[in-house]
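These notes concern the structure reproduced below.
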Ligand SMILES: [Zn+2]
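Residue numbers (this note's numbering): 7 to 411.
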């Protein structure tokens, strides 16, 4: 099956994950894709194919070389983001995209002005949505590329390669993709998630992440007799928020700049709750940001001479960079593969986390590679057929480079 045929097939299977759910996987529909993939993997000749109770799909492509080479893991996620509907996805191929406004339906238009990433697709063939759902190329393009690679290797036994361990995970979009990953059972020496955008990208860096839950306790009394008594928690919450640097918000930061993001806020005079996420590529700076939240609470509490603000901090995930620096050949191998395909490598820090950052800290070094898609998590999501084909080539280069060292 061609790589785009795979994506079109997988995209039509609904796999939206659900952050409100406590089940594993978070939505039963993800298992439908898991079983389709497992069947395809077994039919094409992968061994030890299994779907676990928690919805993970694993399989092995046994190596055909006598050389001592590492066992490489390739990982992609099956779920799509809950931000936008992934039900009844109707993928459509647009041949030779010319950069003019792309009508997904009568009213929904993708333009290069609004989505500058579209410029890199001019002259290429795209897979797009009908404007009512997301596409799910994030990350079904990754799945399609990994399985096309396996099929290619099985059809060409003359290509020498080591053993590949394949893993498809549920619930990545809700931050739980690595929670039940069986690193020991997977059996890879290192791995790559295929879950990025540009195919020449090698991502070895993520944020360090923490969350802060802030509770402001006020004193609610009748407004008519409130003088010197009322403490309106809504006002105190604003005071607290404005002590944080306004320039360090997501909408004002890029590259390696960290941020405080007020994610939700609700309350009344009596009590206000705020939920923040704190992000920084530099762990020491993240610790400073956490400290700043506590100092601000202290300042306000001193101002009111009582415990009005309470801050609860929790660490979420760590930047994988430090760990990956201990095994530099993992990223170097990917860079060689990209370079051999004729591209300059872009090493960009991810402004987010990946399953790979968690897996790296679980003992499986795991940078992230691209898929050839763009505008994910919404109806303007696209995948580029030529880039997907090139990504299969890059993975093939990677497997061959691993044998030649
Ligand atoms: Zn993804």
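Ideal Cβ placement from N, Cα and C applies to all residues, glycine included.
In this text the structure is predicted, and so the values were computed from the model without any measurement.
Query: Proximal residues to residue 31 (C-beta, below 6 Å), its chain only, five neighbours per side dropped; Result: 61, 176 and 177
Query: Own chain partners of residue 265 with C-beta closer than 7 Å, once the 5 adjacent residues on each side are dropped; Result: 254, 255, 256, 259 and 285
Query: Sufficient close CB pairs (3 or more, under 8 Å) joining the segment 122-142 to the segment 36-44; Result: no
Query: Shell residues, 5 Å Cβ cut-off relative to heavy atoms of ligand 1; Result: 144, 145 and 201
Query: Test item: CB-CB of residue 51 and residue 160 under 7 Å; Result: yes
Query: Under the three-state DSSP convention, the category residue 230 falls into; Result: helix
Query: Residue environment, residue 109, which counts as buried when at least 16 other CB atoms sit within 10 Å; Result: exposed
Query: C-beta contact flag for residue 212 and residue 325 at 7 Å; Result: yes
Query: Beta carbon of residue 344 nearer than 7 Å to that of residue 400; Result: yes
Query: Residue 318 versus residue 293 - alpha carbon distance; Result: 14 Å
Query: Minimum C-alpha distance to residue 366 - residue among 74, 329 and 381; Result: 329
Query: Simplified DSSP assignment, three categories, for residue 350; Result: coil
Query: Proximity below 7 Å, CB of residue 303 to CB of residue 280; Result: no
Query: Under 7 Å between C-beta atoms of residue 381 and residue 346; Result: no
Query: Per-residue DSSP class, three states only, for residue 384; Result: coil
Query: Where the alpha helix (DSSP H) containing residue 297 begins and where it ends; Result: 289-310
Query: First through last residue of the alpha helix (DSSP H) which encompasses residue 244; Result: 239-248
Query: Completely contained alpha helix (DSSP H) runs for the segment 177-227, where each covers 4 or more residues; Result: 189-192
Query: Under the three-state DSSP convention, the category residue 326 falls into; Result: coil
Query: Straight-line Cα distance separating residue 209 from residue 124; Result: 21 Å
Query: Euclidean distance between Cα positions of residue 105 and residue 116; Result: 10 Å
Query: Identity of the residue in 215, 267 and 225 nearest residue 290 by Cα; Result: 215
Query: Range covered by the alpha helix (DSSP H) that runs through residue 87; Result: Taken as a continuous stretch (DSSP letters only), residue 87 belongs to no alpha helix (DSSP H), as it is neither H nor E.
Query: For residue 144, three-class secondary structure by DSSP; Result: helix
Query: Host alpha helix (DSSP H) of residue 367 (start-end); Result: 361-367
Query: Inter-residue spacing [alpha-carbon to alpha-carbon] between residue 86 and residue 23; Result: 6 Å
Query: Range covered by the beta strand (DSSP E) that runs through residue 24; Result: Premise fails: residue 24 is in no beta strand (DSSP E) and is neither H nor E.
Query: Rounded straight-line distance, which links the Cα of residue 169 to that of residue 283; Result: 39 Å
Query: Close-in-space but distant-in-sequence residues of the same chain around residue 409 (CB under 7 Å, 5 per side omitted); Result: 71, 73, 75, 166, 167 and 168
Query: Beta-bridge pairing of residue 134 - partner residues as DSSP gives them; Result: 98
Query: Cβ pair count under 8 Å reaching 3, the segment 223-236 against the segment 370-379; Result: no
Query: Buried versus exposed call for residue 25 [16 or more other C-beta atoms within 10 Å across all chains shown]; Result: exposed
Query: Alpha-carbon spacing of residue 111 relative to residue 362, whole angstroms; Result: 36 Å
Query: Inter-stretch contact at 8 Å, needing at least 3 Cβ pairs: the segment 196-208 / the segment 216-225; Result: no
Query: Range covered by the beta strand (DSSP E) that runs through residue 285; Result: 277-286
Query: Paired residues, beta bridge with residue 175 - DSSP; Result: 83
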